[in-house]
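Student: The working numbering puts the first residue of the sequence shown at 183, with every later residue one more than the last. Virtual Cβ for every residue (Gly too), placed ideally from N, Cα, C.
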Amino acid sequence: PEAAAERTGDTKKADIATEKVVIDDGHVDAIAGKMVNGALRTLFKDSRDPSDTVWREPSSVVLHVKPRAKQHVPAGSAYAFLGRAGSDFWLIPQVQQQGVVWAGWNTEDLTGKDLKGPVDLALTKVSGPGTLAVWETAGLGTPEVVYNSGDGLPDGRKVDLGVHAHANWAFSKEGTYKVTFRLSGTLASGKTASDTRTYTFAVGDVDPSTVTPGGSGTDGGSTGDPAPGGGGATAGPDGDATSPGGTDADDAAADGGGSLAHTGADGVLPLAAGAGALVVAGAVVAVVGRRRRGTSPDA
183 PEAAAERTGD TKKADIATEK VVIDDGHVDA IAGKMVNGAL RTLFKDSRDP SDTVWREPSS
243 VVLHVKPRAK QHVPAGSAYA FLGRAGSDFW LIPQVQQQGV VWAGWNTEDL TGKDLKGPVD
303 LALTKVSGPG TLAVWETAGL GTPEVVYNSG DGLPDGRKVD LGVHAHANWA FSKEGTYKVT
363 FRLSGTLASG KTASDTRTYT FAVGDVDPST VTPGGSGTDG GSTGDPAPGG GGATAGPDGD
423 ATSPGGTDAD DAAADGGGSL AHTGADGVLP LAAGAGALVV AGAVVAVVGR RRRGTSPDA
């Protein structure tokens with residue numbers, strides 16, 4: 183059984199770190215799928231030390247987006263989703279920047295022995311003083327929005343198995359954010375599986391040691407139907423600007439194909455920065471259209 187678990191990327195719950203940690207620099211795959219005791223889980227893959235990767239419970243981690251991450255919204259309609267041109271926001275960049283945490287998502291530990299086809303990765307709720315927008319930049323620098331709490335949630339995406347991706351994460355105000363993601367898929371047995379977790383970001387001039395990670399109530403999910411109330415996000419101490427969201431698994435099921443930015447199985451793909459931190463050239467990107475509740479996948 184242990185050999186079989188190793189082949190399929192399965193791990194044991196006891197091997198997942200639960201002590202609180204603050205991360206403010208280096209490479210992490212904040213949203214990472216993994217099989218744990220045979221169940222689909224959404225975990226935090228801490229790969230700051232590539233020789234000693236640590237799998238963590240999302241409810242134990244505070245990601246600190248330091249004050250030096252502050253940027254200004256560029257002029258032009260392409261970046262209107264970030265707010266008024268010239269206004270401040272705090273950025274986790276798609277390209278690694280020294281002194282700023284570099285967060286991505288990862289399905290490299292999920293294989294066809296675990297799941298049938300791609301998984302659905304949905305942003306279901308954002309609580310905090312402002313909004314969160316996640317986008318990818320490629321080619322000539324046109325932003326492709328992946329998630330945006332400013333125009334309603336949930337936002338769902340199909341993500342292929344074996345993907346390692348990075349994007350730009352923009353927080354519109356300083357403060358503490360609780361960001362809830364749900365990972366859903368179909369097990370090799372044909373049963374559906376879903377796991378919902380809340381991630382905590384201390385953005386800007388915030389003392390991360392005073393921030394309590396995780397969500398309120400039961401922060402979790404299940405194999406089969408989603409657990410009621412799982413991963414519910416709560417407001418940070420700086421106020422509550424909760425984006426509208428849902429918890430039904432069907433909301434996350436995007437009908438389109440494709441995958442998110444793919445950086446390969448052996449690590450991050452070197453990317454070249456151009457026109458400031460917001461424009462990235464040379465990324466391998468295949469983004470499907472954003473999905474809205476009650477609309478078609480192409481809406």
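For residue 288, I'd like the list of residues in its chain whose CB is within less than 6 Å of its CB, leaving aside the five on either flank, ordered along the chain.
Tutor: Locating residue 288 in the sequence shown gives position 106, where the first residue counts as 1. Same-chain partners within the cutoff: 211, 214, 227, 346.
Student: Taking the straight line between their C-alpha atoms, what separation do you get for residue 242 and residue 350?
Tutor: In the sequence shown, residue 242 corresponds to position 60, counting from 1. In the sequence shown, residue 350 corresponds to position 168, counting from 1. Each residue's alpha carbon lies about 23 Å from the other.
Student: Using DSSP's beta-bridge definition, name the partner residues of residue 483.
Tutor: This structure gives no information on residue 483, because the portion of the chain shown stretches from 183 to 481.
Student: Tell me, please, whether the region 286-300 touches the region 352-360 by the rule of three or more beta-carbon pairs shorter than 8 Å.
Tutor: no
Student: With burial defined as no fewer than 16 other Cβ atoms inside 10 Å of the residue's Cβ, what is the status of residue 194: buried or exposed?
Tutor: In the sequence shown, counting from the first residue as 1, residue 194 sits at position 12. Its Cβ having fewer than 16 others within 10 Å, residue 194 is exposed.
Student: Give me the residue from 296, 397, 319 with the minimum Cα distance to residue 374.
Tutor: If you number the sequence shown from 1, residue 374 lands on position 192. Residue 374 has its Cα closest to that of 296, out of 296, 397, 319.
Student: Please go through the region 343-395 and give each complete beta strand (DSSP E) segment of 3 or more residues, from N-terminal end onward.
Tutor: 346-348, 350-353, 357-369, 374-385
Student: Please name the residue in 224, 238, 218 whose C-alpha comes closest to that of residue 199.
Tutor: Position 17 of the sequence shown, counting from 1, holds the residue named residue 199. Among 224, 238, 218, the Cα nearest to that of residue 199 is on 238.
Student: Would you list the residues sitting across from residue 166 in a DSSP beta bridge?
Tutor: Missing from the structure shown is residue 166; the chain here goes from 183 to 481 and no further.
Student: At the level of alpha carbons, what is the spacing between residue 363 and residue 390?
Tutor: Along the sequence shown, one-based indexing puts residue 363 at 181. Along the sequence shown, one-based indexing puts residue 390 at 208. Whole-angstrom Cα-Cα distance: 21 Å.
Student: Given a threshold of 16 other Cβ atoms within 10 Å of its Cβ, counted over all protein chains shown, does residue 299 qualify as buried or as exposed?
Tutor: One-based indexing of the sequence shown puts residue 299 at position 117. Per the 10 Å Cβ criterion, exposed.
Student: My assumption, with CB atoms under 8 Å, is that residue 284 sits in contact with residue 252. Please give the rounded CB distance.
Tutor: As a first step, residue 284 is located in the sequence shown; it is residue number 102 there, counting from the start. As a first step, residue 252 is located in the sequence shown; it is residue number 70 there, counting from the start. About 16 Å; that fails the 8 Å criterion.
Student: Cβ atoms of residue 276 and residue 318: under 8 Å apart, would you say?
Tutor: Position 136 of the sequence shown, counting from 1, holds the residue named residue 318. Position 94 of the sequence shown, counting from 1, holds the residue named residue 276. Yes, they are a contact pair.
Student: Please list, in chain order, all residues of the same chain as residue 316 whose beta carbon is under 6 Å from its beta carbon, the five residues on each side excluded.
Tutor: Stepping through the sequence shown from its first residue, residue 316 is reached at position 134. Here the set comprises 328, 329, 349, 351.
Student: Residues bridged to residue 319 by DSSP?
Tutor: As a working note, residue 319 is residue 137 in the sequence shown. Beta-bridge pairing links residue 319 to 325.
Student: Which partner residues of residue 339 appear in the DSSP bridge assignment?
Tutor: Translated into the one-based positions of the sequence shown, residue 339 becomes position 157. Residue 339 pairs with 303.
Student: If we ignore side chains and look at the alpha-carbon of each, how far apart do residue 308 and residue 249 end up?
Tutor: If you number the sequence shown from 1, residue 308 lands on position 126. If you number the sequence shown from 1, residue 249 lands on position 67. So the two alpha carbons sit approximately 20 Å from each other.
Student: Closest by CA to residue 386, which one among 342, 281, 324, 396?
Tutor: Taking the first residue of the sequence shown as position 1, residue 386 is located at position 204. Of the listed residues, the one whose Cα sits closest to residue 386 is 281.
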